[in-house]
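K.L.:
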C-alpha cells in the first residue's frame with residue numbers, strides 16, 4: 006500500500022492516482038500540475054490535450070528563468086511567460102485517465118470530478134559513472 010501526502014475528506018466520493026519516479030523534468034511537471042489544479046477533470050484533460058497540440062501554453066510562475074513570453078500564457082497569467090511541456094502533459098494526462106478509470110470502478114460520476122489535490126515530487130536520480138584519469142571512477146548523476 007502506498008502512502009499519499011493528503012488523504013481525501015470523504016474517501017467514498019473521491020478517487021486517487023499516483024505515479025512515482027517518472028522520467029520527466031520536475032520543473033516542467035510542477036508548472037503543468039499547478040496549471041490544472043482546481044479544474045474539473047474534463048476541462049483539465051482538454052487543456053492538456055491543447056498543450057500537446059500547442060494550442061494553449063502552460064504559464065511558468067516559479068521556474069521561469071529564461072522562459073520566453075507568449076500571448077497564450079499572457080491570457081492565463083500576468084507575466085506572460087509560458088511553454089508547451091509536451092512530455093509532462095502526456096504523463097499527467099495518463100495519470101488523469103487512470104484516476105478517471107478508478108472513479109468509474111468506484112461508481113462515481115466522472116463529469117463532476119474536480120482535481121482537488123495534485124503534487125509533484127522529484128524523482129530519484131539516475132546513476133551512471135564517468136571514468137577519470139589514473140583509473141578513478143566518479144559518479145555521474147542525472148535528473149530524469
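Residue numbers (the working numbering): 6 to 149. C-beta: ideal position from N, C-alpha, C; glycine also. A quick note: this is a predicted structure, and the numbers were derived from the prediction, not measured.
Is DSSP giving residue 64 helix, strand or coil here?
P.N.:
strand
K.L.:
Give a yes or no on contact between the segment 87–99 and the segment 63–77, applying the rule of three or more CB pairs nearer than 8 Å.
P.N.:
yes
K.L.:
With a floor of 4 residues, list each alpha helix (DSSP H) that falls wholly inside the segment 29–53, ordered by position along the chain.
P.N.:
For the alpha helix (DSSP H) assignment, the uninterrupted runs of no fewer than 4 residues enclosed by the segment 29–53 are, from N- to C-terminal side, 31–41.
K.L.:
Whose C-beta lies closer than 7 Å to the C-beta of residue 120 among residues of the same chain, with five residues either side of it excluded?
P.N.:
41, 42, 43, 44, 46 and 49
K.L.:
Among 141, 127, 133 and 63, which one has its Cα closest to the Cα of residue 153?
P.N.:
There is simply no residue 153 to check, as the chain begins at 6 and stops at 149 in what is shown.
K.L.:
What do you reckon, are the CB atoms on residue 65 and residue 125 nearer than 8 Å?
P.N.:
No, the pair does not count as a contact, with Cβ atoms beyond the cut-off.
K.L.:
Is it buried or exposed, residue 36, if we count other Cβ atoms within 10 angstroms and call 16 or more buried?
P.N.:
buried
K.L.:
Taking the alpha carbon of residue 94 as the point to measure from, which residue in 140, 144 and 51 has its own alpha carbon closest?
P.N.:
51
K.L.:
For residue 147, report the span of its alpha helix (DSSP H) as first-last.
P.N.:
In this chain, residue 147 is not harboured by any alpha helix (DSSP H); it is covered by the beta strand (DSSP E) spanning 142–147.
K.L.:
Looking at residue 108 and residue 118, is the spacing between their C-beta atoms short of 8 Å?
P.N.:
yes
K.L.:
May I ask you to report which of helix, strand or coil DSSP gives residue 77?
P.N.:
helix
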